[in-house]
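In the numbering used here, the protein residues as written are 123 to 596. Here the structure is laid out as structure tokens; the discussion comes afterwards.
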Amino acid sequence: MMVKTRFAPSPTGFLHVGGVRTALFAWLVAKQAHGQFVLRVEDTDRNRHVEESEQHIVNSLDWLGIKPDEGPFRQSERLEIYQLWAQKLIKNGRAYADTTTEAELDKLRQAAKDAKKPFLFRHHRPEKSPAWVPGMSLRFKSEPKAYTWHDEVMGDFTSGQESIDDFIVIKSDGFPTYNFAHIIDDHLGGITHVIRSQEFLPSMPKFLNLYDALKINFPKFATLPYVLGADGHKKLSKRDGAKDILDYKRQGYLPGALVSFLATLGWNDGTEQEIFSVDELIEKFDLKRVGHSGAKFDEQRLLWVNGHFLRETPANKLSELAEPFWPANAKSSEALYKTAVLELVQERIKYLAELPELTSFFFEEPNDSTIYQLFTQPSDKQLKKLQLSELVTLLRASETELADSDFSLSDIETKLNGLLDKLATKPGILFAAIRIAVSGAKSSPQLFGTLNVLGKEISLARLKHARELLETKA
RNA sequence: GGUCCCAUCGUCUAACGGUUAGGACACCGGGUUUUCAUCCCGGCAAUAGGAGUUCGAUUCUCCUUGGGAUCACCA
Numbered sequence: 123m124m125v126k127t128r129f130a131p132s133p134t135g136f137l138h139v140g141g142v143r144t145a146l147f148a149w150l151v152a153k154q155a156h157g158q159f160v161l162r163v164e165d166t167d168r169n170r171h172v173e174e175s176e177q178h179i180v181n182s183l184d185w186l187g188i189k190p191d192e193g194p195f196r197q198s199e200r201l202e203i204y205q206l207w208a209q210k211l212i213k214n215g216r217a218y219a220d221t222t223t224e225a226e227l228d229k230l231r232q233a234a235k236d237a238k239k240p241f242l243f244r245h246h247r248p249e250k251s252p253a254w255v256p257g258m259s260l261r262f263k264s265e266p267k268a269y270t271w272h273d274e275v276m277g278d279f280t281s282g283q284e285s286i287d288d289f290i291v292i293k294s295d296g297f298p299t300y301n302f303a304h305i306i307d308d309h310l311g312g313i314t315h316v317i318r319s320q321e322f323l324p325s326m327p328k329f330l331n332l333y334d335a336l337k338i339n340f341p342k343f344a345t346l347p348y349v350l351g352a353d354g355h356k357k358l359s360k361r362d363g364a365k366d367i368l369d370y371k372r373q374g375y376l377p378g379a380l381v382s383f384l385a386t387l388g389w390n391d392g393t394e395q396e397i398f399s400v401d402e403l404i405e406k407f408d409l410k411r412v413g414h415s416g417a418k419f420d421e422q423r424l425l426w427v428n429g430h431f432l433r434e435t436p437a438n439k440l441s442e443l444a445e446p447f448w449p450a451n452a453k454s455s456e457a458l459y460k461t462a463v464l465e466l467v468q469e470r471i472k473y474l475a476e477l478p479e480l481t482s483f484f485f486e487e488p489n490d491s492t493i494y495q496l497f498t499q500p501s502d503k504q505l506k507k508l509q510l511s512e513l514v515t516l517l518r519a520s521e522t523e524l525a526d527s528d529f530s531l532s533d534i535e536t537k538l539n540g541l542l543d544k545l546a547t548k549p550g551i552l553f554a555a556i557r558i559a560v561s562g563a564k565s566s567p568q569l570f571g572t573l574n575v576l577g578k579e580i581s582l583a584r585l586k587h588a589r590e591l592l593e594t595k596a
């Protein structure tokens, strides 16, 4: 039988890393078995429905390369199907119209709570209920029994009849509940592996009871532990500030990095490998090696993974990816120039949205007061010992020396190393001074490359400008 | 409260019942003869507690503690 998995989000907002990981694992299971992956939108709650949500979910998965083979299906478009199965249930005496009001329900629940007893609706089943017609809610008539089942991740479970109860299958608005619809859709869709997060585990017995009533065979189940928020120990949720997965796209994270990071959040292959390509994941992923406990979402680690992927990206590909991230004043710059700049910062950039702060001085003159401040209050210990007049001398000498250079990388190196000997000064001093003059930044990419990319004209002009700045203040 | 799930460095995690409890992120230190970064080397740092089974327990069992989920006409 062909393996078929699904991801079934409800369109109530954006997708966050927790949801994405569930989708990823389901997708990996399908791809590994050369099976199919289905996207199903569980839009049966009209109150919580968010219009743009479905498109957002599709876009998110698409960005990550998690492409559905089928779907997106919408449950809201399959109402007749659920009606049909509901009738089947009624015919078999396994569902009844429920006319209990909300107030009555509250009262029953409160009474159970006061008595410190669990609330079970089946203890309050009406003796006889009216024939079910649309506009009424329909409740499943459970037949409590013990169950034993296997979970591909968590192992074997047993449950007693105390955890089985009657529950609503069709709401009074005519829409099915999750509890009902997902079972029918999975069955009709030929889903072989139901992979979902932990919050559904306590509901398993009642699901199983419904499978039985519907005469549907159990699929395989796989329960994934939670992804937890970084701050607390609670499951990641939008309420607690979980980020939209597309925020990572906007920040210049690479989909491959997210995928690798998310895959290893709760799973590993037993080796010491830390970074995985998608192909490796498809080959190596194994539900049996998914951990049982929740995993905190650690942005630091994601940052590291992303930096790794960024460094591995070929130059031409990186240029393409970086295009939307350049600072505004880079617009008029030539592609060749930007590529050269990018090459210089590639090893230090963690996410592409850092590009402006890392590269701004390549596109605009550094700020005078920043330069002045860096010279007068340097963080560098060696620089700190120098008088302004000494700095002026260093800068002037650099100008003279570089005026003769053809500004090739090797010549810049030769000239400046030569100057080091001439002035009998330390690289830590001379090069730091040049760096500040030219970049107005306390750190920058390697100096010779920076000068080379900036070019002779600009480099010399900035050296001169910085020197004059110091002279007027000296 | 009932039911259920979980428990190894700060974090992600590894360890056929036998290891100096391993790796990675973060942090700290050193090196790669300019800074930062990369890369390399090194350091810090963990089996929640208690019983039991066993020659031997991170690993199996039970209890305690702690954390979490769930008990909706939400999914």
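Ideal placement from N, C-alpha and C gives every residue a C-beta, glycine not left out. Source: prediction; values computed, not measured.
Exercise. Buried or exposed: where does Pro347 fall if 16 or more other Cβ atoms within 10 Å of its Cβ makes it buried?
Worked result: Buried, since its Cβ has 16 or more Cβ neighbours within 10 Å.
Problem set entry | Own chain partners of Thr299 with C-beta closer than 8 Å, once the 5 adjacent residues on each side are dropped | Thr166, Phe289, Ile290, Val291, Ile292, Lys293
For this session: Starting from the C-beta of Val400, find all residues in its chain whose C-beta is less than 7 Å away, skip the five residues before and the five after it, and write them out in chain order.
Result: Gly187, Gly378, Val381
For this session: On the DSSP bridge assignment, give the partners of Ser319 in chain order.
Result: Leu346
Problem set entry | Under the three-state DSSP convention, the category His178 falls into | helix
For this session: Find out if the Cβ-Cβ distance for the pair Gly374, Ala475 is shorter than 7 Å.
Result: With respect to the 7 Å criterion, Gly374 and Ala475 are classified as neighbours on the basis of their beta carbons.
For this session: Identify, in the order they occur along the chain, each residue of the same chain with its Cβ nearer than 8 Å to the Cβ of Pro190, setting aside the five sequence neighbours on each side.
Result: Phe129, Phe159, Val160, Leu161, Leu183
For this session: Specify the secondary structure class of Lys410 as computed by DSSP and reduced to three states.
Result: helix
Exercise. So the beta strand (DSSP E) His272 belongs to, where does it begin and stop?
Worked result: Under the DSSP assignment, His272 falls in the beta strand (DSSP E) whose first and last residues are 269-273.
Problem set entry | Which listed residue (Glu486, Ile212, Asp278) has its alpha carbon closest to that of Ala253 | Ile212
Exercise. How big is the Cα-Cα spacing for Glu405 and Gln154?
Worked result: 6 Å
Exercise. Rounded to a whole number of angstroms, what is the C-alpha to C-alpha distance between Lys371 and Asn301?
Worked result: 33 Å
Problem set entry | Proximal residues to Trp600 (C-beta, below 6 Å), its chain only, five neighbours per side dropped | There is simply no residue 600 to check, as the chain begins at 123 and stops at 596 in what is shown.
For this session: Let me know the secondary structure DSSP gives Ile306 once reduced to three states.
Result: helix
For this session: Might you give, ordered along the chain, the residues of its own chain that have their beta carbon closer than 8 Å to the beta carbon of Lys356, omitting 5 neighbours on each side?
Result: Leu350, Asp362
Exercise. Taking the beta strand (DSSP E) that Gly140 falls in, what are its first and last residues?
Worked result: No beta strand (DSSP E) contains Gly140, which is instead part of the alpha helix (DSSP H) from 139-154.
Problem set entry | Residue burial classification, Asn428 (beta-carbon count within 10 angstroms, cutoff 16) | Taking a 10 Å sphere around the C-beta of Asn428, we find 16 or more other C-beta atoms and assign the residue as buried.
For this session: Label Lys507 either buried or exposed according to how many other C-beta atoms from any shown protein chain fall within 10 Å of its C-beta, with 16 as the threshold for buried.
Result: exposed
Exercise. Does the beta-carbon of Asp287 have 16 or more other beta-carbons within 10 angstroms, so that it is buried, or is it exposed?
Worked result: Looking at its Cβ environment, which holds 16 or more other Cβ atoms inside 10 Å, Asp287 is buried.
For this session: Compare the beta carbon distance of Thr572 and Ser565 with 7 Å and say whether it is the shorter of the two.
Result: no
Problem set entry | Residue burial classification, Gly277 (beta-carbon count within 10 angstroms, cutoff 16) | exposed
Exercise. Can you tell me the Cα-Cα spacing of Lys630 and Thr515, whole angstroms?
Worked result: Residue 630 falls outside the range modelled here, since the chain spans only 123 to 596, and no answer is possible.
Exercise. Does DSSP put Glu469 in a helix, in a strand, or in coil?
Worked result: coil
Problem set entry | Reference Arg196, options Trp207, Asp308, Pro240, closest by Cα | Asp308
Exercise. If you follow the beta strand (DSSP E) that Phe129 is part of, which residue opens it and which one closes it?
Worked result: In the DSSP assignment, Phe129 falls within the unbroken beta strand (DSSP E) covering 126-129.
Exercise. Do you know how far the Cα of Lys472 is from the Cα of Pro478?
Worked result: 13 Å
Problem set entry | Element boundaries [alpha helix (DSSP H), containing Pro478] | Note, Pro478: alpha helix (DSSP H), 477-481.
Exercise. To the nearest angstrom, how far is it from the Cα of Ser454 to the Cα of Val467?
Worked result: 20 Å
For this session: Note down the Cα distance separating Lys555 from Tyr459, rounded to an integer number of angstroms.
Result: Here residue 555 is Ala; the residue named in the question, Lys, does not match the sequence. Here the C-alpha atom of Ala555 lies approximately 24 Å from the C-alpha atom of Tyr459.
For this session: Decide if the stretch 544-551 is in contact with the stretch 479-487; the criterion is three or more beta carbon pairs, one per stretch, under 8 Å apart.
Result: no
Exercise. Does any heavy atom of the ligand MG sit closer than 6 Å to the C-beta of Glu176?
Worked result: As for the ligand MG, it is missing from this structure, which has no ligand bound.
For this session: Taking the CB atoms as reference points, tell me whether Leu592 and Asp490 lie closer together than 7 Å.
Result: no
Problem set entry | Whole-angstrom C-beta distance between Val139 and Phe419, which should lie under 8 Å | Contact flag correct, Cβ pair sits at about 6 Å.
For this session: Give the straight-line distance between the Cα atoms of Lys337 and Phe147, rounded to the nearest whole angstrom.
Result: 28 Å
Exercise. Can you tell me the Cα-Cα spacing of Phe497 and Leu505, whole angstroms?
Worked result: 8 Å
Problem set entry | Proximity of Phe654 and Lys578 at Cβ, strictly below 7 Å | Past the boundaries of the shown model lies residue 654; the chain is included only from 123 to 596, so the question cannot be answered.
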